[in-house]
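**Student:** Residue numbers for the sequence shown follow the working numbering, beginning at 1 and rising by one. All residues carry an ideal CB built from backbone N, CA and C; glycine is no exception.
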Amino acid sequence: LGVRFVYRSEIGSNTPPREQGSLDCLLVNTTGELKYFYEEAAVVFIGKSLTAQGGQNPIEPAGLAKPIVFGPHMGNFEEITSKFLANDAAIQVADEAGLESAIDNLLSDETKRIALGQSARKVVQSNEGAVERTVEMILSGIKTGEMVQKY
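1) Just the Cα atoms here: how many angstroms apart are Glu136 and Glu128?
2) On a Cα-Cα basis, can you pick out the residue from Ala97, Val28, Glu40 that is closest to Pro67?
3) Would the beta-carbon of Val28 fall within 8 Å of that of Val69?
4) Does the distance from the C-beta atom of Ala90 to that of Ala130 stay below 8 Å?
5) Excluding five sequence neighbours on each side, which residues of the same chain lie with their C-beta closer than 6 Å to the C-beta of Lys48?
6) Can you tell me which of Ser108, Ala97, Ala62, Leu99 puts its alpha carbon nearest to the alpha carbon of Gly88?
7) Comparing C-alpha positions only, which one of Arg4, Ser9, Leu34, Gly141 sits nearest to Gly21?
8) Counting along the chain, where does the beta strand (DSSP E) carrying Leu27 start and finish?
9) Since Leu99 and Leu26 should fall inside the 8 Å C-beta cutoff, what is the C-beta to C-beta distance between them, to a whole number of angstroms?
10) In this structure, does DSSP put Val131 in helix, strand or coil?
11) Rounded to the nearest angstrom, how far is the Cβ of Gly117 from that of Ala65, given a contact under 8 Å?
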């Protein structure tokens, strides 16, 4: 793609500063930091979705109203990504060329970025409370005897 990038793991307190404009992209390959980067991102690409690795979790950036782009391999999050796509709340691309085009289009169209991010947040908000609903279902099953311990 010709994108100038650096991995997050390569940046430390002893890393010399880079010249402004020398990078196009920061690839976050560390654990527990994504929220901080999502908050500042103009567009979020969901990692592991261009390869058959199942994709990463798109809910956190969507909840922050960030426009999200992912590849064809979102099997780990199939249900929610289907909802994003059905509600015009994300962009799915087939390959690297599609990714480059989608990111270029979003970066050049602030109105579209905002609309996509807001739609993504609405999808997340409409699905909040899943834990509570699951607990209620389990407790109801226990009370009615429908839940049987299988150990």
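**Tutor:** Result, derived from the coordinates:
1) Along the sequence shown, read from residue 1 onward, the residue named residue 136 stands at position 136. Along the sequence shown, read from residue 1 onward, the residue named residue 128 stands at position 128. Whole-angstrom Cα-Cα distance: 14 Å.
2) Against the sequence shown, residue 67 aligns to sequence position 67. When only C-alpha atoms are compared, the closest one is Glu40.
3) Stepping through the sequence shown from its first residue, residue 28 is reached at position 28. Stepping through the sequence shown from its first residue, residue 69 is reached at position 69. Cβ atoms of Val28 and Val69: not closer than 8 Å.
4) Taking the sequence shown and counting its residues from 1, one reaches residue 90 at position 90. Taking the sequence shown and counting its residues from 1, one reaches residue 130 at position 130. Taking 8 Å as the Cβ cut-off, Ala90 and Ala130 do not qualify as a contacting pair.
5) Taking the first residue of the sequence shown as 1, we reach residue 48 at position 48. Cβ neighbours of Lys48 beyond the five flanking positions: Gly55, Gln56.
6) In the sequence shown, residue 88 corresponds to position 88, counting from 1. For the record, residue 88 in the displayed sequence is Asp; it is not Gly. Of the candidates Ser108, Ala97, Ala62, Leu99, the one whose C-alpha sits nearest the C-alpha of Asp88 is Ala62.
7) As a first step, residue 21 must be located in the sequence shown, where it is residue number 21. Considering only alpha carbons, the answer is Arg4.
8) Your numbering for residue 27 matches position 27 in the sequence shown. Leu27 -> beta strand (DSSP E) spans 25-27.
9) The residue labelled residue 99 in the question sits at position 99 within the sequence shown. The residue labelled residue 26 in the question sits at position 26 within the sequence shown. About 16 Å separates the two Cβ atoms, so there is no contact after all.
10) The sequence position of residue 131 within the sequence shown is 131, counting from 1. Note: Val131 maps to helix in three-state DSSP.
11) Here residue 117 corresponds to residue number 117 of the sequence shown, with the count starting at 1. Here residue 65 corresponds to residue number 65 of the sequence shown, with the count starting at 1. Contact holds; Cβ gap of about 4 Å.
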